[in-house]
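K.L.:
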Amino acid sequence: MPPRSVLPSRADDFAQWYQEVVAKAELAETGPARGTMVIRPYGYGLWERIQAGMDARIKACGAENVYLPLFIPESYLRREAEHVEGFSPELAVVTIAGGKPLEEPLVVRPTSETLFGELMAKWVQSYRDLPLLLNQWANVVRWELRPRVFLRTTEFLWQEGHTAHATREDAAAYARRILHEAYADFMVGELAVPVLLGVKTARERFAGAINTMTLEAMMGDGRALQMGTSHELGQNFARAFEIDYLDAGDELRHCWTTSWGTSTRMVGGMIMCHGDDFGLRVPPRLAHIQAVVLVVRDEDGVADEARRIAAELEDAGVRARVDANTATGFGRRATDWELKGVPVRVEIGPRDLAEGVVTLVRRDRRTKETVPAAGVAAAVADLLEEIQAGLLAEAIADRDARTSRVTTLDDAIEAGRSGFARIPWDALGDDGEATLAEQGITVRLLQRPDGGVPDDLEGPLEAVVARAY
RNA sequence: CGGGGUGUGGCGCAGCUUGGUAGCGCGCUCCGUUCGGGUCGGAGAGGUCCCCGGUUCAAAUCCGGGCACCCCGACCA
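As structure tokens, this is what we get:
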């Protein structure tokens, strides 16, 4: 008998579906304070994998990790006019400490450009100190109007990179390097989320940046999610914080800085991109448990055999776990692992043991297959690769099926309600963008017609418009 | 801020119109049974009915005031 679906139909209410999956898969729950989130052990396991994968790529791009304070003097934020204007509505500010009103309020960091600016100004003296490539893993706070678990929480975990360069070209190249080699590489390669890369319009640009680049993914309901950003900050912060250096000709010059970030939102994006009505589908390369060996009933040494198989899987490089908790019914456990999205289940019972076989179940298609117990480790390893590639292919096909090419504003509004619409930027422009916004549709990014990331806004550009989370 | 809605065991809810011993499902504990896709039966534990005040013999229920939260719209990684 097939299990009843534990989730509401996706067509009913995707946001509700998402909340249900997050709660039932034991990833996270709402925290005690408004808009905050408690990440549960299973959810944190996924986050740790994301963090490790991203950290390795960032380091490969030459950046080093640092840790800066949580509190920022309010005056720091004021130094860059656009920056403070952009963030002031969503700041949490400490005005009392030690039982007394503070002389200067402390802002709980919403992002750390100002703090990095202050410190970089001290650390950079000469062109020999450049480029200065820094990264920080930290929590930040933004008092958003409408929080959503993983996607937009009041407090969230992220990495924020901050760099200083001698020239505009060097800064621009580095911001793009992070975009491609760290962010896109990880999201496509491990999360199996096919992101579109491009630049933001002036309207959507980061507060204080001269150029904002983005990675946009399509969720299972056709809405867009920004999975990460990389900003060129020009000399705005260098001027405000006096991040200056002496060049080889003894001339004092402002640096060119960048900042870039990705967050726990990636967990949410992964869930909403791949999840189905039976719960999560975690891409194998990301999964902290890639295969669970499920003991149907512990008779005739089934549990011992399960442990042996798990050890064999580990030897083959598969992150495996044994579920011998037979006090809980088999159906219950099977459904729980399915809900958690573990890519492969190896089920073994007395009958299998007697016949020298196991039952292999792949989560992505929910299909079962009986295979000899002898070669199961190699079979699982192969299957994981196949599932990884399959999830990406499925996500690409789904996105492309929901992407239309249009040439008029009306068609863009229509198509943007349920998916992505590509429209020549000339046909839209600032006015068209404003009209779209009234309909709840935004320009997610601008691209070259061939999908490339533009270096400037000259020449032909295509806008991708959609509803966003 | 605008528009809707809800506060009742851990979670999800009914009861309120028409006042009269506080209930149901899930979860939890114990016993038995079942175990190859969320077994079944039985016995239990667990509640200031959001808060304050009023009406009444009697308030989860009616009246007044307050508080909190959720959903939809504008914001964001």
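Read the first sequence against the working numbering and you will find it ends at 1831, with the numbers running on by one and no gaps.
Think of the CB as a built atom: it goes at the ideal place given N, C-alpha and C, for glycine as much as any other residue.
Nothing here was measured: the structure is a model prediction, and the numbers come from that model.
Determine whether the beta carbon atoms of residue 1718 and residue 1552 lie at a separation below 9 Å.
P.N.:
No, these two residues do not count as a Cβ contact at 9 Å.
K.L.:
Going by CA-CA distance only, name the one from 1827, 1658, 1439, 1541 that's closest to residue 1472.
P.N.:
It is 1439.
K.L.:
Which residue spans inside the region 1415-1493 form an unbroken alpha helix (DSSP H) run of at least 4?
P.N.:
If we require 4 residues or more, the alpha helix (DSSP H) runs fully inside the region 1415-1493 come out as 1436-1440, 1443-1449, 1475-1485.
K.L.:
Considering just the uninterrupted stretch of the beta strand (DSSP E) at residue 1785, what are its terminal residues?
P.N.:
Start and end: 1782-1786.
K.L.:
Select from 1588, 1584, 1581 the residue whose C-alpha is nearest the C-alpha of residue 1560.
P.N.:
Answer by Cα proximity: 1588.
K.L.:
Going by C-alpha distance, which of 1550, 1494, 1621 is nearest residue 1476?
P.N.:
For the residues 1550, 1494, 1621, the minimum Cα distance to residue 1476 belongs to 1621.
K.L.:
Would DSSP call residue 1689 helix, strand or coil?
P.N.:
The answer is coil: DSSP assigns residue 1689 none of H, G, I, E or B.
K.L.:
Can you tell which of 1572, 1508, 1425, 1626 has its C-alpha closest to the C-alpha of residue 1539?
P.N.:
Of the candidates 1572, 1508, 1425, 1626, the one whose C-alpha sits nearest the C-alpha of residue 1539 is 1425.
K.L.:
So, using beta-carbon positions, are residue 1725 and residue 1710 closer together than 9 Å?
P.N.:
Not in contact: residue 1725 and residue 1710 (Cβ atoms no closer than 9 Å).
K.L.:
Tell me the DSSP bridge mates of residue 1650?
P.N.:
DSSP lists no partner for residue 1650.
K.L.:
Exposed or buried, which one is residue 1456 when buried takes at least 16 other CB atoms within 10 Å?
P.N.:
Answer is exposed; the Cβ neighbour count stays below 16.
K.L.:
Have a look at residue 1572 and residue 1535 and give me their C-alpha separation to the nearest angstrom.
P.N.:
Roughly 14 Å between the two C-alpha positions.
K.L.:
Check whether the Cβ atoms of residue 1784 and residue 1820 sit closer than 9 Å, and answer yes or no.
P.N.:
The answer is no: Cβ separation not under 9 Å.
K.L.:
Taking Cβ to Cβ, would you say residue 1544 is nearer than 9 Å to residue 1520?
P.N.:
No, the Cβ-Cβ distance between residue 1544 and residue 1520 is not below 9 Å.
K.L.:
Below 9 Å between beta carbons: does that hold for residue 1570 and residue 1595?
P.N.:
Cβ distance < 9 Å, so residue 1570 and residue 1595 count as in contact.
K.L.:
So, helix, strand or coil for residue 1396, using DSSP?
P.N.:
Coil at residue 1396, not helix or strand.
K.L.:
Answer yes or no: do residue 1629 and residue 1655 have a C-beta to C-beta separation smaller than 9 Å?
P.N.:
No, Cβ-Cβ distance for residue 1629 and residue 1655 is not below 9 Å.
K.L.:
Please check the pair residue 1688 and residue 1515, which I expect to be a contact at CB under 8 Å, by giving their CB distance rounded to whole angstroms.
P.N.:
Wrong, their Cβ atoms sit about 38 Å apart, outside the cutoff.
K.L.:
Using 8 Å as the threshold, is the region 1598-1605 in touch with the region 1446-1464, meaning 3 or more CB pairs across them?
P.N.:
Judged by Cβ distances under 8 Å, the region 1598-1605 makes no contact with the region 1446-1464, as fewer than three pairs qualify.
K.L.:
CA-CA distance, residue 1792 and residue 1809?
P.N.:
Spanning the two alpha carbons is a distance of roughly 16 Å.
K.L.:
Relative to the C-alpha of residue 1380, which candidate in 1638, 1756, 1574, 1576 has its C-alpha closest?
P.N.:
Cα-wise, what sits closest to residue 1380 is 1638.
K.L.:
If you draw a straight line from the alpha carbon of residue 1803 to that of residue 1731, how long is it in whole angstroms?
P.N.:
About 45 Å.
K.L.:
Rounded to whole angstroms, what's the CA-CA distance from residue 1548 to residue 1419? Just pull it up for me.
P.N.:
Going by the C-alpha atoms only, they are around 8 Å apart.
K.L.:
My output table needs one value for residue 1556: the three-state DSSP class, helix, strand or coil.
P.N.:
If DSSP states are grouped into helix, strand and coil, residue 1556 belongs with coil.
K.L.:
Please classify residue 1815 as buried or exposed, where buried requires at least 16 neighbouring CB atoms within 10 angstroms.
P.N.:
With 16 or more Cβ atoms within 10 Å of its Cβ, residue 1815 is classed as buried.
K.L.:
Starting from residue 1608 and walking both ways along the alpha helix (DSSP H), at which residues does that stretch end?
P.N.:
Unbroken run through residue 1608 is the beta strand (DSSP E), 1606-1608; no alpha helix (DSSP H).
K.L.:
Could you give the DSSP three-state label for residue 1370: helix, strand or coil?
P.N.:
Residue placement at residue 1370 cannot be trusted, given a pLDDT of 49 that sits under 50; what the coordinates show is reported in the next sentence. Coil.
K.L.:
Quick check on residue 1562: does DSSP put it in helix, strand or coil?
P.N.:
Of the three classes helix, strand and coil, the one that applies to residue 1562 here is coil, per DSSP.
K.L.:
Please determine, among 1504, 1753, 1529, 1721, the residue with the shortest C-alpha to C-alpha distance to residue 1491.
P.N.:
Residue 1491 has its Cα closest to that of 1529, out of 1504, 1753, 1529, 1721.
K.L.:
On the DSSP letters alone, give me the boundaries of the beta strand (DSSP E) that residue 1826 sits inside.
P.N.:
Note, residue 1826: beta strand (DSSP E), 1824-1828.
K.L.:
As a quick exercise: from 1467, 1585, 1527, 1647, pick the residue whose alpha carbon is nearest that of residue 1410.
P.N.:
When only C-alpha atoms are compared, the closest one is 1647.
K.L.:
For the beta strand (DSSP E) that residue 1579 lies in, which residues bound it at each end?
P.N.:
First-last of the beta strand (DSSP E) with residue 1579: 1573-1580.
K.L.:
Please classify residue 1518: does DSSP put it in a helix, a strand, or coil?
P.N.:
Looking at residue 1518 - three-state DSSP - the assignment turns out to be strand.
K.L.:
Smallest Cα separation from residue 1428: which of 1738, 1496, 1625, 1526?
P.N.:
Taking only the C-alpha atoms, the option nearest residue 1428 is 1496.
K.L.:
Classify residue 1528 as helix, strand or coil using the three-state DSSP reduction.
P.N.:
Correct three-state label for residue 1528: coil.
K.L.:
Do residue 1651 and residue 1642 have their beta-carbon atoms positioned less than 9 Å apart in this structure?
P.N.:
No. Outside cutoff.
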